[in-house]
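Since the structure comes first, as structure tokens, the remarks are kept for the end.
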Amino acid sequence: MDGLPHALDEALLSDLECPSCMEYMVPPIKLCTNGHNICSKCRQKLQCCPTCTAGFLSTRNVALESIVRRQKYPCTNRQSGCLDLFSIEQIAEHQAACTYGPIKCPLTKVNVKCLWKGFKCYLEEHAIADHQAYIFRTSTFHPNRLTSGVAFVFCLGEAFLSYKGIRDGRFYCVVQLIGPSSQASKYKCKFKLHAANEIEGISKTFFVRSYEEDFETSFSSGKCLRLDDVVVRNFVVADEIKFTVTLSAVDLQC
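As numbered in my numbering, residues 8 to 261 make up the sequence shown, in order.
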């Protein structure tokens with residue numbers, strides 16, 4: 008397991024894999040009469056132990072369940088570059104959205120119909136071919152329409168997803184890195200609204216969020232642009248909002 012911390016016990020991780028489905032076991036963990044473990048999903052499907060063909064007990068392996076809850080697990084996409092570790096409660100949700108494995112077209116997050124599924128390294132090629140109207144290619148861009156909108160942003164050697172919308176009397180905008188939170192925190196986004204008189208304005212800066220997070224969570228976190236609609240209307244000219252978003256890398260020496 009290249010790149011994983013030395014403290015991670017590979018032998019223990021192997022013991023925590025179900026012998027049938029090879030996924031990490033989640034409590035309740037059941038036992039056969041010879042003491043072999045099996046996950047609860049496979050226990051429901053099998054009549055005998057896949058390791059020794061013995062029958063099953065109703066007993067749970069409480070000691071192993073305790074270890075499972077304390078252990079941190081590597082993503083199955085670690086060979087592709089995902090080196091983050093997760094609790095047993097987090098690992099399944101992460102792997103479903105991990106951008107180091109095959110992902111659905113990110114535009115499906117806002118109900119844009121697209122059947123594409125592939126690796127992140129092919130995402131820009133897909134976007135150019137099928138979603139040209141949704142692309143920005145510079146670190147400073149202008150999503151000026153007042154209506155809700157989503158866009159790919161390919162810059163700084165990365166792929167981002169920008170989304171803005173108005174709901175419940177508030178204007179929201181968030182930028183997500185199509186990658187894990189550990190990488191997203193290396194980037195920041197500056198939101199700037201400016202009036203036609205070039206004097207009045209609002210400027211706010213936040214860390215980029217992770218694509219693994221749904222937009223509603225990003226909006227409710229308070230760690231993205233969130234302004235009252237009545238305030239935003241002061242920056243509307245000819246039905247367009249004078250709005251600029253700038254992405255940049257975080258200077259870790261600051």
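Ideal Cβ placement from N, Cα and C applies to all residues, glycine included.
Every value quoted in this text rests on a predicted model; they were computed, and no experiment measured them.
ask   = By a C-beta neighbour count over all protein chains shown, 10 Å radius and 16 as the cutoff for buried, is alanine 203 buried or exposed?
value = Counting from 1 along the sequence shown, the entry for residue 203 is found at position 196. It counts as exposed.
inquiry  = Would isoleucine 185 and alanine 166 qualify as a contact pair, given that the criterion is a beta-carbon distance under 7 Å?
reply    = By one-based count along the sequence shown, residue 185 stands at place 178. By one-based count along the sequence shown, residue 166 stands at place 159. Cβ distance < 7 Å, so isoleucine 185 and alanine 166 count as in contact.
query = Are there 16 or more other CB atoms within 10 angstroms of the CB of methionine 29, so buried, or fewer, so exposed?
reply = Numbered from 1 along the sequence shown, position 22 holds the residue referred to as residue 29. It is exposed - the Cβ of methionine 29 has fewer than 16 other Cβ atoms within 10 Å.
Nearest-angstrom Cα separation, counted from phenylalanine 161 out to isoleucine 110 = Stepping through the sequence shown from its first residue, residue 110 is reached at position 103. Stepping through the sequence shown from its first residue, residue 161 is reached at position 154. Roughly 17 Å separates the two Cα atoms.
key: leucine 163 - DSSP class collapsed to helix/strand/coil   = Taking the first residue of the sequence shown as 1, we reach residue 163 at position 156. Leucine 163: coil per DSSP, three-state reduction.
query = Are tyrosine 218 and alanine 256 close, meaning C-beta to C-beta below 7 Å?
reply = What you label residue 218 is simply residue 211 of the sequence shown in a count that begins at 1. What you label residue 256 is simply residue 249 of the sequence shown in a count that begins at 1. Not in contact: tyrosine 218 and alanine 256 (Cβ atoms no closer than 7 Å).
query = For the 8 Å Cβ check, are there 3 or more pairs between the segment 59-70 and the segment 27-45?
reply = With three or more CB-CB distances shorter than 8 Å, the segment 59-70 counts as touching the segment 27-45.
key: Residue from Ile45, Gln51, Arg67, Ser65 with nearest C-alpha to proline 57   = Position 50 of the sequence shown holds residue 57. Distances from the alpha-carbon of proline 57 to those of Ile45, Gln51, Arg67, Ser65 put Ile45 closest.
query = Taking the C-alpha atoms as reference points, what is the distance between methionine 32 and glutamine 54?
reply = Your numbering for residue 32 matches position 25 in the sequence shown. Your numbering for residue 54 matches position 47 in the sequence shown. Approximately 18 Å between the Cα atoms of the pair.
ask   = To the nearest whole angstrom, what separates the beta carbons of valine 117 and tyrosine 170, a pair I think is in contact under 8 Å?
value = Numbered from its first residue, the sequence shown carries residue 117 at position 110. Numbered from its first residue, the sequence shown carries residue 170 at position 163. With a Cβ gap of about 6 Å, valine 117 and tyrosine 170 count as contacting.
query = Among residues of its own chain, excluding the 5 on either side of aspartate 221, which ones have a beta-carbon nearer than 8 Å to its beta-carbon?
reply = Numbered from its first residue, the sequence shown carries residue 221 at position 214. Within the same chain, aspartate 221 has close Cβ partners Lys116.
Alpha carbon of cysteine 121 to alpha carbon of arginine 67, nearest angstrom = As a working mapping, residue 121 is identified with position 114 in the sequence shown. As a working mapping, residue 67 is identified with position 60 in the sequence shown. Rounded to the nearest angstrom, the two C-alpha atoms are 44 Å apart.
request  = Quickly, what does DSSP pair leucine 92 with across the bridge? List them, please.
outcome  = Your numbering for residue 92 matches position 85 in the sequence shown. Per DSSP, Pro81.
query = valine 119: buried (16+ other C-beta within 10 angstroms of its C-beta) or exposed?
reply = For the purposes of this step, residue 119 is taken as the residue at position 112 of the sequence shown. When all chains shown are included, valine 119 counts as exposed.
key: 7 Å Cβ cutoff met for leucine 163 and glutamine 183   = Indexing the sequence shown from 1 puts residue 163 at position 156. Indexing the sequence shown from 1 puts residue 183 at position 176. The answer is no: Cβ separation not under 7 Å.
task = Might you give, ordered along the chain, the residues of its own chain that have their beta carbon closer than 8 Å to the beta carbon of threonine 212, omitting 5 neighbours on each side?
result = Locating residue 212 in the sequence shown gives position 205, counting from the first residue. Excluding residues within five positions, the ones whose Cβ falls inside 8 Å are Lys195, Cys196, Lys197, Phe198.
request  = Along the alpha helix (DSSP H) that carries phenylalanine 226, what are the first and last residues, could you check?
outcome  = In the sequence shown, the residue the question calls residue 226 occupies position 219. Bounds of the alpha helix (DSSP H) holding phenylalanine 226 are 222-228.
ask   = leucine 92 to valine 75, Cα distance in whole Å?
value = Taking the first residue of the sequence shown as position 1, residue 92 is located at position 85. Taking the first residue of the sequence shown as position 1, residue 75 is located at position 68. Distance between the alpha carbons of leucine 92 and valine 75: 13 Å.
key: Delimiting residues of the beta strand (DSSP E) encompassing alanine 256   = Counting from 1 along the sequence shown, the entry for residue 256 is found at position 249. That run of the beta strand (DSSP E) goes 250-256.
CB contact flag (arginine 144, arginine 233, <7 Å) = Reading the sequence shown from its first residue, position 137 is the one you call residue 144. Reading the sequence shown from its first residue, position 226 is the one you call residue 233. No, the Cβ-Cβ distance between arginine 144 and arginine 233 is not below 7 Å.
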